[in-house]
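Data first, discussion second: the structure below is written as structure tokens.
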Amino acid sequence: MALGPGYTIQKQNLELRYIPSPEPHLAVRATYQLVNSGNQPLEAIQITLSSSEAFHRQGTIAHWNNQSISFQKISPANLSEQGDTIELRWPEAWRPKQRRTLILDYELSSGSHLGSFLAVSRDTFFAYPGSWNPVLLPPKNIFAAGGVPPKKWTIAVRVPAGDLAHASGTAGRRTSSRGEWLYSFTQLPHGFAPFAAGGNYVESRIDSGGRDVLFWMRKPVDAAVAQTAATSISTRAHYYETEYGTPANRALSIRLLECVIPVQNFGCGALPGTILVQQAWVDRGLAGRKFYEDVNFELAYTWFGGIAHVAFDQSPLPMDALAPYAGWEAQAVEDGGEARAERIRNLIAEFDRSAATCKEKVILPRPANLDDCSYSAAWAKSGLFFFALEDKVGRAPFHAALKSMLADRRGREIGLEDLVASLDAEAHETQGAFIRQWLKHPAIPEEFRTRYRMAVAPAANSGTNSSKETHP
12 MALGPGYTIQ
22 KQNLELRYIP
32 SPEPHLAVRA
42 TYQLVNSGNQ
52 PLEAIQITLS
62 SSEAFHRQGT
72 IAHWNNQSIS
82 FQKISPANLS
92 EQGDTIELRW
102 PEAWRPKQRR
112 TLILDYELSS
122 GSHLGSFLAV
132 SRDTFFAYPG
142 SWNPVLLPPK
152 NIFAAGGVPP
162 KKWTIAVRVP
172 AGDLAHASGT
182 AGRRTSSRGE
192 WLYSFTQLPH
202 GFAPFAAGGN
212 YVESRIDSGG
222 RDVLFWMRKP
232 VDAAVAQTAA
242 TSISTRAHYY
252 ETEYGTPANR
262 ALSIRLLECV
272 IPVQNFGCGA
282 LPGTILVQQA
292 WVDRGLAGRK
302 FYEDVNFELA
312 YTWFGGIAHV
322 AFDQSPLPMD
332 ALAPYAGWEA
342 QAVEDGGEAR
352 AERIRNLIAE
362 FDRSAATCKE
372 KVILPRPANL
382 DDCSYSAAWA
392 KSGLFFFALE
402 DKVGRAPFHA
412 ALKSMLADRR
422 GREIGLEDLV
432 ASLDAEAHET
442 QGAFIRQWLK
452 HPAIPEEFRT
462 RYRMAVAPAA
472 NSGTNSSKET
482 HP
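In my numbering, the protein residues as written are 12 to 483.
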């Protein structure tokens with residue numbers, strides 16, 4: 012028995028149902044088998060749910076041992092909290108060793124908050140980690156325990172018959188019932204945070220060098236165009252694997268999903284092993300350098316956002332610029348010549364333009380709840396910061412540090428402190444003074460400016476054979 016109050020989730024199952032009409036939305040049902048494993052009765056538990064404001068959560072119902080119970084909102088989601096916190100309180104105390112069943116039901120529609128996105132249209136849907144699934148919280152006590160998922164559990168995705176679905180975890184068999192298909196995915200410890208996507212897609216599967224590239228589009232893709240795109244994507248994926256490690260599930264497949272944006276100015280992005288392709292890219296054709304650059308750039312987010320994800324509720328920048336850095340660096344290696352230096356000069360110019368129109372100082376890390384005009388300059392400075400670290404310690408050690416960080420933080424959040432610890436270990440010396448110079452001073456260090464203003468090649472230890480590359 013635990014030393015304090017607590018409970019254990021013995022079994023859990025999350026079901027996400029896609030309902031495309033008449034009003035497109037997702038219905039969530041979360042079922043938990045719980046046991047009071049603490050040393051005292053529990054009067055209530057708290058749960059984080061999708062933000063009712065950001066994701067239009069409605070119809071929330073809770074059942075405790077088959078009895079409907081009410082809940083109270085403790086705190087709404089804000090600029091530094093992922094979701095709404097509610098409290099469930101039952102009529103009689105939940106005593107030690109007693110087993111109980113908790114069922115939560117609610118509906119969600121399109122929205123975004125703290126780096127999590129959810130979109131539902133009449134054709135497709137996607138739900139990022141943090142946008143849709145409940146999180147059970149431990150009691151408030153120094154010795155409390157609870158809320159940890161079991162070692163093995165299931166996500167079920169229910170869609171209209173004929174639709175495709177993909178989610179985190181290992182895919183199981185598909186079943187059908189009453190005009191719907193039910194896809195099952197087994198979740199294991201240290202896997203990706205729960206996500207799901209799917210819809211009315213036509214699948215084209217291309218084998219490129221032993222890797223399957225799956226095109227999930229609303230219309231069939233020309234075979235020759237798909238093959239060329241798959242080759243480019245597979246080549247870039249191999250590069251990222253070499254530099255930053257293999258995905259947590261070691262899957263040798265990448266999905267490209269056409270992203271049907273239901274509202275104006277709503278982004279798409281990338282999920283682990285999955286790239287959401289914007290309709291504008293599809294409309295101009297899945298070919299040409301611009302398409303390959305866009306898709307390969309998004310692919311970087313399946314590493315720095317998929318294998319481990321940025322703590323958006325803390326200080327998103329500079330860490331959220333790691334994926335852009337990886338994409339820029341990979342493209343520079345492919346292009347060769349002055350490509351890397353030119354990218355850096357462009358970022359410096361972007362920083363200067365943004366800083367010139369904003370009086371706020373550009374200090375990093377940038378808190379999640381900060382809302383001022385310095386964001387654009389902070390974004391550019393974050394990308395430059397990673398290029399500067401590459402110059403400082405060398406390309407090979409810097410990439411090795413990033414690879415080690417992702418391996419250590421699989422399926423979890425990454426913060427600046429994780430990068431610093433991994434970097435110090437790999438470089439065999441502390442980088443604190445250099446990092447503080449970049450983050451705590453509002454300007455770009457003059458030495459760095461001079462190096463690239465004069466178009467001098469990066470330091471010798473930043474060459475391709477040593478260690479050295481936004482997502483607006």
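Beta carbons: idealized from backbone N, C-alpha and C, even for Gly.
Model, not experiment: these values are computed from the prediction.
Subject >> Where residue 258 falls: helix, strand or coil (DSSP) >> reply: coil
Original post:
Does any C-beta atom of chain C lie closer than 7 Å to the C-beta of residue 100?
Top reply: Among the protein chains of the structure shown there is no chain C, as only one such chain exists.
Subject >> Spatially closest choice to residue 333 from 304, 378 and 394, by CA coordinates >> reply: 394
Original post:
Quick one: what's got a C-beta closer than 7 Å to residue 172's C-beta in the same chain, skipping five residues either side?
Top reply: 187, 190, 191 and 192
**OP:** Look at the alpha carbon of residue 53 and the alpha carbon of residue 19, and state the distance between them as a whole number of angstroms.
**Re:** 12 Å
Original post:
Of the choices 175, 149 and 336, whose alpha-carbon is the least far from that of residue 214?
Top reply: 175
Original post:
With a cut-off of 8 Å, do at least 3 Cβ pairs link the stretch 431-439 to the stretch 411-420?
Top reply: yes
Subject >> Alpha-carbon spacing of residue 442 relative to residue 449, whole angstroms >> reply: 11 Å
Original post:
Straight-line CA distance for residue 364 to residue 163?
Top reply: 50 Å
Original post:
Under 7 Å, do residue 208 and residue 196 count as touching if we go by C-beta distance?
Top reply: no
**OP:** Return the CA-CA distance between residue 328 and residue 72, expressed in angstroms with no decimal places.
**Re:** 37 Å
Original post:
Which value, in whole angstroms, describes the spacing of the CA atoms of residue 347 and residue 337?
Top reply: 15 Å
**OP:** Please name the residue or residues paired with residue 169 in a DSSP beta bridge.
**Re:** 28 and 193
Subject >> For residue 97: DSSP bridge partner residues >> reply: 58 and 84
**OP:** Pull up the distance between the alpha-carbon of residue 438 and that of residue 251, whole angstroms please.
**Re:** 21 Å
Original post:
Where does the unbroken alpha helix (DSSP H) through residue 271 begin, and where does it stop?
Top reply: Segment: none, residue 271 is in no alpha helix (DSSP H) and carries neither H nor E.
Original post:
What is the DSSP secondary structure of residue 183, reduced to helix, strand or coil?
Top reply: strand
Original post:
Does DSSP classify residue 301 as helix, strand or coil?
Top reply: helix
Original post:
So residue 453 packs on residue 372, CB below 8 Å; how close in whole Å?
Top reply: 4 Å
Original post:
What's the C-alpha gap between residue 93 and residue 108?
Top reply: 31 Å
Original post:
Within 10 angstroms of its Cβ, does residue 154 collect 16 or more other Cβ (buried), or is it exposed?
Top reply: exposed
Original post:
Name the DSSP beta bridge partners of residue 228, please?
Top reply: 213
Subject >> residue 134 versus residue 407 - alpha carbon distance >> reply: 44 Å
Original post:
Thinking just about the alpha-carbon of each residue, which of 391, 356, 374 and 400 is nearest to the one in residue 461?
Top reply: 356
Original post:
According to the Cβ coordinates, are residue 484 and residue 292 closer than 7 Å?
Top reply: There is simply no residue 484 to check, as the chain begins at 12 and stops at 483 in what is shown.
Subject >> For residue 447 and residue 375, the rounded distance between their alpha carbons >> reply: 9 Å
Original post:
Rounded to a whole number of angstroms, what is the C-alpha to C-alpha distance between residue 390 and residue 36?
Top reply: 33 Å
**OP:** State the start and end residues of the unbroken beta strand (DSSP E) segment that holds residue 44.
**Re:** 36-46
Subject >> Spatial distance of residue 16 from residue 317 (CA atoms) >> reply: 34 Å
Original post:
Based on the DSSP secondary-structure assignment, which residues constitute the bridge partners of residue 280?
Top reply: 287
**OP:** On a CA-only basis, which of 152, 148 and 130 is nearest residue 142? Give me that one, please.
**Re:** 130
Original post:
Taking Cβ to Cβ, would you say residue 313 is nearer than 7 Å to residue 281?
Top reply: yes
Original post:
DSSP on residue 373, reduced to helix/strand/coil?
Top reply: coil
Subject >> Paired residues, beta bridge with residue 17 - DSSP >> reply: 156
Original post:
Grouping DSSP H, G and I as helix and E and B as strand, with all else coil, what is residue 134?
Top reply: coil
**OP:** Identify every residue that forms a DSSP beta bridge with residue 112.
**Re:** 44
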